[in-house]
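Peer 1: Below is the structure I would like to discuss, written out as structure tokens.
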Amino acid sequence: MSAVSTSAHFKDNVHEALADARLQGAMAFSGNFVTRRAAAAARLPEFEALRDSCRAIKDHTLAHLDLYLEAYEAKVRASGGEVHYAEDAEEARAIIVDLCKAMGARSVTKGKSMIAEEIGLNHALEAAGIEPVETDLGEYIIQLRGETPSHILAPAIHLRAKDVEQEFRKAHRDLPPDRSLAEPAQLVGEARQVLRAKFLAADVGITGANFLIAETGTSIIVTNEGNGDLTQTLPQAHIVIASIEKIVPTLEDAAQLLRVLSRSATGQDASVYTTLSTGPRREGDPDGPRAYHVVILDNGRSNMLGGEFEHMLRCIRCGACMNHCPVYQAVGGHAYGWVYPGPMGAVLTPSLIGVAEGGQLPNASTFCGRCEEVCPVRIPLPGMMRHWREREFERRLSPAPVRYGLGFWAFFAGRPALYRLATDLAARALNLAARGKGRFAWAPFAGGWTRYRDLAAPEGATFQTRWRSRSGATR
Amino acid sequence: MSATAAPSGQIRKSQPRVGLFVTCLVDIIRPSVGFAAVKLLEGAGCKVVVPAQTCCGQPAYNSGDRLTAKRLARQAIEAFEDCDYVVTPSGSCGGMLIKHYPQLFAGEPDLAERAERFAAKSHELVSFLVEVMGVDKVEARYEGTVAYHDSCAGLRELGIKAQPRRLLAGVEGLTLVELSGAEICCGFGGLFATKYGELSNAIVVKKAEDIKSAQVDTVLAGDLGCLMNMAGKLSREGSPIKVRHVAEILAGMGDGPAIGEGKPEPAR
Chain F
1 MSAVSTSAHF
11 KDNVHEALAD
21 ARLQGAMAFS
31 GNFVTRRAAA
41 AARLPEFEAL
51 RDSCRAIKDH
61 TLAHLDLYLE
71 AYEAKVRASG
81 GEVHYAEDAE
91 EARAIIVDLC
101 KAMGARSVTK
111 GKSMIAEEIG
121 LNHALEAAGI
131 EPVETDLGEY
141 IIQLRGETPS
151 HILAPAIHLR
161 AKDVEQEFRK
171 AHRDLPPDRS
181 LAEPAQLVGE
191 ARQVLRAKFL
201 AADVGITGAN
211 FLIAETGTSI
221 IVTNEGNGDL
231 TQTLPQAHIV
241 IASIEKIVPT
251 LEDAAQLLRV
261 LSRSATGQDA
271 SVYTTLSTGP
281 RREGDPDGPR
291 AYHVVILDNG
301 RSNMLGGEFE
311 HMLRCIRCGA
321 CMNHCPVYQA
331 VGGHAYGWVY
341 PGPMGAVLTP
351 SLIGVAEGGQ
361 LPNASTFCGR
371 CEEVCPVRIP
381 LPGMMRHWRE
391 REFERRLSPA
401 PVRYGLGFWA
411 FFAGRPALYR
421 LATDLAARAL
431 NLAARGKGRF
441 AWAPFAGGWT
451 RYRDLAAPEG
461 ATFQTRWRSR
471 SGATR
Chain W
1 MSATAAPSGQ
11 IRKSQPRVGL
21 FVTCLVDIIR
31 PSVGFAAVKL
41 LEGAGCKVVV
51 PAQTCCGQPA
61 YNSGDRLTAK
71 RLARQAIEAF
81 EDCDYVVTPS
91 GSCGGMLIKH
101 YPQLFAGEPD
111 LAERAERFAA
121 KSHELVSFLV
131 EVMGVDKVEA
141 RYEGTVAYHD
151 SCAGLRELGI
161 KAQPRRLLAG
171 VEGLTLVELS
181 GAEICCGFGG
191 LFATKYGELS
201 NAIVVKKAED
211 IKSAQVDTVL
221 AGDLGCLMNM
231 AGKLSREGSP
241 IKVRHVAEIL
251 AGMGDGPAIG
261 EGKPEPAR
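These protein sequences, in sequence, are chains F and W. For the record, in the first sequence the residue sitting at position 97 is 97 according to the numbering used here, with numbers rising by one throughout. For the record, in the second sequence the residue sitting at position 105 is 105 according to the numbering used here, with numbers rising by one throughout.
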């Protein structure tokens with residue numbers, strides 16, 4: 001079992017999200033990513049060429065994933081680390097909890113990791129009596145609130161500064177109640193102060209990985225806060241949790257991917273910290289963990305290899321697709337109901353938790369194509385959402401009114417002469433029904449439309465009928 | 001509607017036979033867009049024919065009903081067999097004909113080749129006028145401040161951005177202003193608009209805000225679906241802003257009722 005999902009109730013989630021004034025207020029300020037990414041892309045002449053190259057790197061890696069995983073594993077072992085493979089979320093949780101228990105860990109610091117979210121790691125640690133402490137500021141905030149991330153990069157983007165202040169006053173009771181937290185810098189300062197003690201007390205540090213390098217057995221994380229460095233260097237053990245598609249062959253490949261990652265994500269030329277870790281502390285090293293473990297998660301991904309959803313495994317989790325998505329921008333990440341929101345989530349979620357549960361997500365898209373336009377590794381996101389719709393249609397999972405409606409329409413659309421007569425009759429009748437107003441405020445079978453908008457009425461006879469009378473011919 | 005109102009500055013070619021793929025929305029809801037397209041095409045020196053047609057199949061394709069989509073695609077490909085070009089006043093249907101038909105038949109060599117040939121001769125109306133027929137100015141007049149919304153499929157699948165603006169710049173009396181967020185989806189998305197009405201509404205509400213703050217009296221686009229969505233929202237909100245297909249303005253046919261408008265507006 002992975003993290004709990006409400007994706008099947010997407011429409012209810014949307015309804016709630018749209019009625020949530022606080023969320024809507026917070027989302028209104030989330031637009032900066034778009035302009036920053038555009039500026040960063042424009043500053044780099046080879047940006048488009050880099051995207052092509054990065055797509056090729058990922059495609060090549062996926063085509064030889066077994067080889068690169070084995071090569072990576074060998075390098076990690078050679079550097080004194082251990083590699084554990086987890087087929088699903090439960091296995092991954094068990095491996096990590098067992099490792100922590102074996103080391104007698106009571107407190108664990110965590111860098112930001114969507115895989116940890118995917119496997120529901122914090123609950124498992126808590127259930128084992130181990131305290132997980134999120135050290136990424138956004139993750140720390142939502143951990144205090146008992147929430148899940150609403151964005152893969154900016155997990156607390158659904159909150160405003162005053163929500164954070166409220167949360168900090170509630171959580172940090174040992175600090176003076178009359179302190180000022182009006183400025184964002186004061187909030188950051190307080191989080192640093194509180195987290196510093198946690199960093200020093202932690203027995204184990206758990207991080208995700210942006211890339212795993214087969215050539216060297218290195219894991220790479222990028223952060224803007226430096227929390228990942230403290231998480232992975234201070235405790236006696238460092239556990240990396242990453243999914244299989246994070247592998248890339250060489251450091252050079254990772255360097256190319258990093259160039260598109262930060263630009264696509266936040267519009268930065270490079271993230272503030274790019275941290276490489278290769279195995280545990282070596283003889284003579286002044287610091288670093290004594291033990292180094294990598295847990296590599298499959299959780300359904302290998303089923304995507306070689307199929308129509310393989311492209312999705314190119315994803316480097318930059319978040320550009322959601323930053324540019326009109327649906328995500330309207331409702332935020334929680335409405336998607338599972339771990340991954342936005343267009344990438346709409347494709348990935350049905351792959352990982354099943355189309356019966358996640359099938360709403362690929363339907364809830366206008367196919368505007370902006371996600372594909374900005375995806376640094378050119379994942380055809382709308383096309384893959386359409387693939388999901390095809391699978392649902394084949395399995396008769398799409399809603400009955402849609403199937404019957406389509407069937408009815410297809411019957412006419414496949415018979416041009418009948419279609420011309422029927423549409424002409426309908427258009428004339430609707431034109432009369434509009435009684436000169438040119439639009440309807442309500443229409444049967446179109447409640448989803450007319451509840452919110454007027455519906456233009458036909459002008460009268462159809463174009464094809466008018467054209468025939470104009471030309472007096474059959475064509 | 002006369003064929004003599006030829007745009008100036010055009011490159012005269014031997015009269016190509018252009019099949020108008022009018023689109024089901026224009027056919028049923030707003031035939032005047034079809035006649036505007038005919039006027040523009042004839043004005044550019046084309047012989048316009050209208051083969052019996054229904055729908056490009058996009059609603060089925062985007063609903064996962066690939067078989068129906070293929071059946072309708074074959075029907076369209078056959079209907080326009082004897083045309084030099086297929087032209088459609090829609091970036092969305094154009095994208096279907098040009099980008100998606102070949103994908104539908106990928107792996108079926110005979111059909112794929114036919115679909116590729118069909119795609120190669122298919123064009124969206126405004127880009128066809130500018131890029132194929134060499135039209136750089138139309139003879140049309142429209143008094144008003146106008147914004148152009150870039151419908152998603154036209155913009156991203158077919159690269160339609162400069163062409164309509166270029167022709168609109170030549171319309172007398174028309175002031176073109178840029179819409180903030182002109183490239184952001186209006187929330188239409190075909191069946192999405194009714195299947196996810198509340199979500200679609202949230203998106204078009206933002207679009208309507210951008211349109212209203214642009215201080216225009218008319219908003220244009222190249223796709224009737226998006227236009228009906230924006231028009232329906234604006235009129236529901238009581239906005240007097242008119243919504244029209246870009247072809248109506250370019251053809252000098254902007255004096256009839258706007259989309260969703262009742263009785264003819266007073267003469268300008």
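Even glycine gets a Cβ: it sits at the ideal position worked out from N, Cα and C. Remember, it's a predicted structure, so these values are computed and weren't measured experimentally.
Could you check whether the Cβ of Ala-162 of chain W sits closer than 8 Å to any Cβ belonging to chain F?
Peer 2: no
Peer 1: Can you check whether the CB of Ile-95 of chain F is closer than 8 Å to the CB of Val-240 of chain F?
Peer 2: no
Peer 1: What does the Cβ neighbour count give for Ala-237 of chain F, buried or exposed, with the cut at 16 atoms within 10 Å?
Peer 2: So Ala-237 of chain F ends up on the buried side.
Peer 1: So, does the CB of Val-563 of chain F fall closer than 8 Å to a CB anywhere in chain W?
Peer 2: Outside the shown range of chain F, which is 1 to 475, sits residue 563 of chain F, and nothing can be said about it.
Peer 1: Three-state secondary structure (DSSP) at Gly-225 of chain W?
Peer 2: helix
Peer 1: Looking at the structure shown, is Thr-223 of chain F part of a helix, part of a strand, or coil, going by DSSP?
Peer 2: strand
Peer 1: Helix, strand or coil, according to DSSP, for His-84 of chain F in the structure here?
Peer 2: strand
Peer 1: I believe Ala-242 of chain F touches Ile-141 of chain F by the beta-carbon criterion, under 8 Å. Please report the beta-carbon distance rounded to the nearest angstrom.
Peer 2: Between Ile-141 of chain F and Ala-242 of chain F the Cβ distance is about 24 Å, and since that is not below 8 Å, they are no contact.
Peer 1: Counting only beta-carbon separations shorter than 8 Å, does Ala-456 of chain F have a partner in chain W?
Peer 2: yes
Peer 1: Compute the beta-carbon to beta-carbon distance between Gly-337 of chain F and His-9 of chain F, rounded to the nearest angstrom, for a pair I have assumed lies under 8 Å.
Peer 2: Between Gly-337 of chain F and His-9 of chain F, the beta carbon gap of about 7 Å places them in contact (Cβ cut-off 8 Å).
Peer 1: State the beta-bridge partners of Val-49 of chain W as determined by DSSP.
Peer 2: W:Gly-19
Peer 1: Are the stretch 319-329 of chain F and the stretch 119-132 of chain F touching, with three or more C-beta to C-beta distances below 8 Å?
Peer 2: no
Peer 1: Excluding the 5 residues preceding and the 5 following Pro-132 of chain F in the sequence, name in chain order all residues of the same chain whose CB lies nearer than 6 Å to its CB.
Peer 2: Val-108, Lys-110, Asn-122 and Leu-125
Peer 1: Use the C-beta contact count for Trp-442 of chain F: other C-beta atoms within 10 angstroms, 16 or more gives buried, fewer gives exposed.
Peer 2: When all chains shown are included, Trp-442 of chain F counts as exposed.
Peer 1: Hey, Gly-460 of chain F and Pro-257 of chain W: beta-carbon distance below 8 Å or not?
Peer 2: Cβ distance not < 8 Å, so Gly-460 of chain F and Pro-257 of chain W don't count as in contact.
Peer 1: Is Pro-362 of chain F helix, strand or coil when you go by DSSP?
Peer 2: When DSSP states are grouped into helix, strand and coil, Pro-362 of chain F belongs to the helix group.
Peer 1: Just how far apart, CA to CA, sit Lys-47 of chain W and Gly-64 of chain W?
Peer 2: 36 Å
Peer 1: By how many angstroms is the C-alpha of Gly-43 of chain W removed from the C-alpha of Leu-20 of chain W?
Peer 2: 14 Å
Peer 1: Could you tell me which chain F residues have their CB closer than 8 Å to the CB of Tyr-196 of chain W, listed as they occur along the chain?
Peer 2: Lys-11, Val-14, Asn-363, Ala-364 and Gly-448
Peer 1: Run through chain W and tell me which residues come within less than 9 Å of Ala-140 of chain F, C-beta to C-beta.
Peer 2: For clarity, residue 140 of chain F is Tyr in the given sequence; the question names Ala instead. Result: empty, since nearest Cβ-Cβ is about 30 Å, beyond 9 Å.
Peer 1: Please list, in chain order, the chain W residues whose beta carbon lies closer than 8 Å to that of Cys-54 of chain F.
Peer 2: None at all; the shortest Cβ gap to chain W is about 20 Å.
Peer 1: Between the Cα of Tyr-452 of chain F and the Cα atoms of W:Arg-166, W:Leu-250 and W:Leu-234, which residue gives the shortest distance?
Peer 2: W:Leu-234
Peer 1: So with Cβ pairs under 8 Å, would you call Arg-37 of chain F a contact of chain W?
Peer 2: no
Peer 1: For Tyr-404 of chain F, count neighbouring C-beta atoms within 10 Å of its own C-beta (all shown protein chains included) and say buried if the count is 16 or more, exposed if not.
Peer 2: A residue is called buried when at least 16 other Cβ atoms come within 10 angstroms of its Cβ; Tyr-404 of chain F does not meet this threshold and is exposed.
Peer 1: Is the separation between the beta-carbon of Val-260 of chain F and that of Leu-50 of chain F shorter than 8 Å?
Peer 2: In this structure, Leu-50 of chain F lies closer than 8 Å to Val-260 of chain F by Cβ.
Peer 1: So who's on the other strand from Val-87 of chain W, going by DSSP bridges?
Peer 2: W:Leu-20 and W:His-123
Peer 1: Within the 8 Å Cβ cut-off, does Gln-464 of chain F reach chain W?
Peer 2: Yes - at least one Cβ of chain W is within 8 Å of the one on Gln-464 of chain F.
Peer 1: Is there a Cβ of chain F sitting closer than 8 Å to that of Ala-106 of chain W, yes or no?
Peer 2: Chain F, which has no Cβ nearer than 8 Å to the Cβ of Ala-106 of chain W, makes this no.
Peer 1: Could you tell me the boundaries of the alpha helix (DSSP H) in which Val-240 of chain F lies?
Peer 2: That residue, Val-240 of chain F, is in no alpha helix (DSSP H); its beta strand (DSSP E) goes 237-243.
Peer 1: Is Ser-277 of chain F helix, strand or coil when you go by DSSP?
Peer 2: strand
Peer 1: Which bits of chain F does Ala-73 of chain W rub up against, with CB to CB less than 8 Å?
Peer 2: Within chain F, no C-beta atom comes nearer than 8 Å to that of Ala-73 of chain W; the closest sits roughly 11 Å away.
Peer 1: Taking 8 Å as the CB-CB cut-off, is Phe-21 of chain W touching chain F?
Peer 2: no
Peer 1: Could you name the residues of the same chain whose beta carbon sits closer than 6 Å to that of Ser-180 of chain W, not counting the 5 residues immediately before and after it, in chain order?
Peer 2: Asp-210
Peer 1: Given this structure, state the Cα-to-Cα distance separating Phe-211 of chain F from Arg-281 of chain F, to the nearest angstrom.
Peer 2: 20 Å
Peer 1: Mind listing which residues of the stretch 26-50 of chain W have their C-beta closer than 7 Å to chain F's C-betas, in chain order?
Peer 2: Val-26, Asp-27, Ile-28, Ile-29, Arg-30, Pro-31, Ser-32, Gly-34, Val-49 and Val-50
Peer 1: Nearest by alpha-carbon distance to Gly-414 of chain F: which of W:Arg-71, W:Gln-58 and W:Pro-51 is it?
Peer 2: W:Arg-71
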